[in-house]
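Structure first, commentary second.
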Amino acid sequence: MQHGARLAVSVCGTLLAQLGAEVALVETPGTGAANTLRRAAQVRGKRSVTLRPDRPPDRAVRDALMRAADVVITSSDASPADEFRAQPRQIVCDITAFGASGPLLGLPYADALVQAMSGLADTTGNPQDAPTLIGFPFCEVSAGIYAAAAIVTAHRVRRTRGIGQSIDIALFDCAFGALPTFLPFHVIGKPATRSGNQHSLAAPWNAYSASGGWVLICTATDEQWRRLCGLLGREDLARADGFASNAERVARRTEIDAILQNWTRTLTVRECIERLSGVDIACGPILTLEQLQKEENLAHRGMLTPLDDPASGKSALIPGSPLAAAIPRLAPSLRVPQPDEDRAYLEQLIASRSAARAYDGGRDGGQAGSATPLQGLRVLEIGQYTTAPLVSRQLGALGAEVFKIEAPGGEGSRPWPPVQGNRGYFFAFSNSDKRSMELDLRNEGDRVLFRKLLRKSDVLVENLKPGSLARLGFDANALRSLNPRVVYCGISGFGMRSAYPGRPAFDTVVQAMSGIMDLTRANGVPTKAGISAADILGGEIGLLAILAGLEMRDASGEGDAIDVSMQDAAVWATSYLWLDAPRERSVMVRCADGFVCAESDRARLASLPGLVVQATELTSSLSRNAFVEAAACGGIMSAPVLTVSEAALSPQAMARQLIVEKSTPDGRKWPLLNCPLRLGATPPAVRRAIGELGEANEEVQLALTLESA
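The structure is reproduced here in structure tokens:
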């Protein structure tokens, strides 16, 4: 049952419907989307019942639905309901701005204000200008995906142990958890803030204007820089003093950007892409939402689907299901119900379920105990940077045993600064609850060990360049032959089944080719989200797909091959704006000690005393807190834009324990991100920081030898 006003509730219900659940959507007269096509997109694949809470018969239907449902999804801060007593074995997921604890408990903040309070807003935009909001409701979408993942996990617990439970999902937690690229600087006491379209650790990396639009160019290694110099006809720069190393290039990024801009402005966007792709440089056009409707890879993967609204007779093309694109066996319903069309069906369902529950006495059938949700499962990760590491980190917190397979020398982000000893803080944040194994899969001896390990594993997740694992002898068929029950998930920029086979993709390229940068503009210029938004969304969809794949595996006895495209996930996340023209949702105000985000337009804000309206920004001589109070007196909700450090040290983050500290055997203490999937009866737990490269090799080799003896 979906009963809540937050977009995250709708996102969660939509994903569960795409996975095959029957979702009953409670609509209220007069509160639906004004845009009928937008309503159609949000209700597609669900059952509709329209209920007036002031009518006793409708309240009775609502309460009966709540009692009959296996799962209830709600948002108690945005749509308070009468007190509800959960049924035995029922799963109740409450998605709120700040969760069920902390000093901000109950504040019904919308996405923009959560971006401000969590540190997200301060990481996006140009450093000399006001912070920029991510141009789509990232916090709501992220919370909706994590909620669906938590519900599937709770379903597994209910199926195996007979218990239901409550789930607490906070937009604030999900947003803060998206900051692992910025938190390392907070840890060492340095400011972490926005850098426009540049990368704080790599150059060249930026958006450049070309004939007919913008092109994004990303390099991360010295070898990529040398190839780029050859393409530009500037081989002299490849090893020149001040340009040879990445650190030197970061210091001289302004000069390098000027060189690249002089090159791109002489070419069309298509010519830039063709030439850069020819030398294997990650790049992409910055596409508008309109251009995405004809994007080749989305069409190739079946991600563009028609939407027909029976109420208005209108139709549109919108993004399809990233889960269906990733898991071929799924076939989500495209049915769009009229408001209240399914009342009779749902009333009949309530009656049949009530009779069944009366027969079994409503037994709860089990105890929570001390076991974690995924205890007994083994996960292998061949991952780097963000996406696959995010997936296995959350699976580890949920109780799975996770081995991170690293190539000789270790994963590329292991030494990323800032570091403690020989490990970077970003690497530690991204790889909690795992043990490292160092394997060279080009070496037959190590491949033999990997095969033995795979035969006794439940999940393999990787985000290598598409085709890399197959070239090592481990394509989907080989994996299935080794272990028919393994759930294999490959995550890549454009998918393994792609119109761009083998094309490299960094997060920023996918942001450019998914509409995120078109929607996120700083002074009119398309701008990347400061966080790795496409990486994170791809990882979250991968997590949900794997959890669902495990449920399907347990039902059928067969594993699966899941093909997650970051572009699919990111485009789907922007779909809520495909049917509505983007509008000014909030305004930034420069105050005496920073910025405030106000849910208002400029004209309404201008009526506040002491506000100065300038051509490019609004300013106030008040402090942030004083301005928030003044705005509240004028009926305007607002929030201070917190820096990453301010968010990390905020009473809310402290109360929710969003950062926990764990030690490694060498005595070093590491700050780690907590898990946002707050299951009440079987809570996740972050238990350990990753250790030295290859820390688990000897133990695993010995265990596998004993098992095969």
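The opening residue of the sequence shown carries number 532 in our numbering; numbering runs sequentially from there. Heads up, the beta-carbon is just placed ideally off N, CA and C, and yes, glycines get one too. All values derive from a computational prediction rather than experimental measurement.
Counting of Cβ neighbours within 10 angstroms places K825 among the exposed residues, the total staying below 16. For D871, the secondary structure class from DSSP, reduced to helix, strand or coil, is coil. Following the DSSP letters along the chain, one finds K1200 inside the beta strand (DSSP E) bounded by residues K1200 to L1204. For the pair of segments examined, the stretch 542-553 was found not to touch the stretch 614-622: the number of CB pairs separated by less than 8 Å stays below three. When G693, Q618, L1210 and L861 are compared, the shortest CA-CA separation from M597 is found for Q618. In the three-state DSSP reduction, D839 falls in the strand class (E or B). Between the C-alpha atoms of S808 and C814 there is a straight-line separation of about 7 Å.
Ranking F707, I622, V800 and V950 by CA distance to the CA of M1044 puts V800 first.
In this chain, the alpha helix (DSSP H) harbouring T684 covers F669 to R692. A straight-line Cα-Cα distance of about 10 Å links R575 and Q869. Under the three-state reduction of DSSP output, K935 falls in the strand class. Boundaries for Q659: no beta strand (DSSP E) harbours it, and the DSSP string shows neither H nor E there. For A741, the uninterrupted beta strand (DSSP E) run begins and ends at W736 to A741, by DSSP. Shown here, R866 sits in coil according to DSSP, grouped into three states, outside any helix or strand.
Contact between the stretch 1088-1106 and the stretch 1127-1134 is absent: fewer than three C-beta pairs spanning the two stretches fall below 8 Å.
Here the stretch 1003-1017 does not lie against the stretch 778-796, with fewer than 3 beta-carbon pairs under 8 Å apart. For E912 and V992, the gap between their C-alpha atoms comes out near 5 Å. Given a length threshold of 3 residues, each whole run of the beta strand (DSSP E) inside the stretch 695-778 is given here in chain order: 696-701, 736-741 and 744-749. Taking C-beta atoms as the reference points, L1235 and K983 count as a pair closer than 8 Å.
Here A855 has Q549, G833, L861, A862 and P863 as same chain residues with Cβ atoms under 8 Å from its own Cβ, once five neighbours each way along the sequence are excluded.
A Cβ-Cβ contact shorter than 8 Å links L926 with V910.
If you draw a straight line from the Cα of T836 to the Cα of E878, it comes to about 31 Å. Counting only runs of 4+ residues, the alpha helix (DSSP H) found wholly inside the stretch 1157-1191 occupies 1175-1179 and 1182-1186, in chain order. Measuring C-alpha to C-alpha distances from G1073 to each of D1006, T750 and A679 identifies A679 as the nearest.
Ranking R770, S673, G744 and A741 by CA distance to the CA of Q755 puts R770 first.
By the beta-carbon neighbour count (other beta carbons within 10 angstroms, threshold 16), V979 is exposed. Looking at G1211, E1223 and S1181, the one whose alpha-carbon comes closest to that of G633 is S1181. Listed in chain order, the non-local C-beta contacts of I804 below 8 Å within the same chain comprise V746, C814, G815 and P816, local neighbours out to five positions each way being set aside. Between the stretch 1205-1212 and the stretch 696-703 there are three or more inter-stretch CB-CB distances shorter than 8 Å, so the stretches are counted as touching.
Taking R1187 as reference, the option from A609, R687, I676 and C705 with the minimal CA-CA separation is C705. Taking 8 Å as the cut-off, the beta carbon of I694 is found closer than this to the beta carbon of A1212. Of the candidates G1125, A1009, T567 and L762, the residue whose Cα lies closest to the Cα of R1155 is G1125. In summary, C1122 is buried, with 16 or more beta-carbon neighbours lying within 10 Å of its beta-carbon over all protein chains present. When the beta-carbon positions are compared, T684 and L1078 come within less than 8 Å of each other. K1200 and S1194 have their C-alpha atoms some 4 Å from each other. DSSP, reduced to helix, strand and coil, places V580 within a strand of the structure shown.
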